[in-house]
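In the numbering used here, the protein residues as written are -9 to 68.
Each remark here refers to the structure printed beneath this line.
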């Protein structure tokens, strides 16, 4: 008797991660898509077993942390 459904998984995470990527890229337009991805991976909060895993992927995306990371390290992450 509810007007909504509950779903989870990568198909539900994809729009959120894509939105964060667009936000981060809008703040760092000279970076490549690979630079944005690397920054998002470097700053994600690991939720499961250490490293990427089947259930949590690369972890919880952090928009501000990824943008700050690129501000400090530059597009190449060095």
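All residues carry an ideal CB built from backbone N, CA and C; glycine is no exception.
Inset, instruction - May I have the straight-line CA-CA distance separating residue 38 from residue -7, to the nearest angstrom? - result: What you label residue 38 is simply residue 48 of the chain shown in a count that begins at 1. What you label residue -7 is simply residue 3 of the chain shown in a count that begins at 1. C-alpha separation (whole angstroms): 32 Å.
Inset, instruction - Kindly identify the DSSP beta-bridge partner or partners of residue 72. - result: A query on residue 72 cannot be resolved here, the shown segment of the chain reaching from -9 to 68 and no further.
Legend entry - Spatial distance of residue 55 from residue 63 (CA atoms): Here residue 55 is taken as the residue at index 65 of the chain shown, counted from 1. Here residue 63 is taken as the residue at index 73 of the chain shown, counted from 1. The straight-line gap from Cα to Cα measures roughly 12 Å.
Legend entry - residue 42 to residue 20 span [Cα, whole Å]: One-based indexing of the chain shown puts residue 42 at position 52. One-based indexing of the chain shown puts residue 20 at position 30. Taking the straight line joining both Cα atoms gives about 27 Å.
Inset, instruction - Identify every run of the beta strand (DSSP E) within the segment 6 to 44, keeping only runs that are complete inside it and at least 3 residues long; order them along the chain. - result: The segment 6 to 44 contains no whole beta strand (DSSP E) run of 3 or more residues.
Legend entry - Residues of its chain near residue 65, where Cβ-Cβ distance is below 8 Å and the 5 sequence neighbours each way are ignored: Residue numbering aside, residue 65 sits at position 75 when the chain shown is read from its first letter. Excluding sequence neighbours, residue 65 sits near 18, 20, 21, 22, 25.
Inset, instruction - Flag residue 20 as yes when its Cβ comes closer than 6 Å to any non-hydrogen atom of the ligand GTP, and as no otherwise. - result: Of ligands this structure carries none, so the ligand GTP is not represented either.
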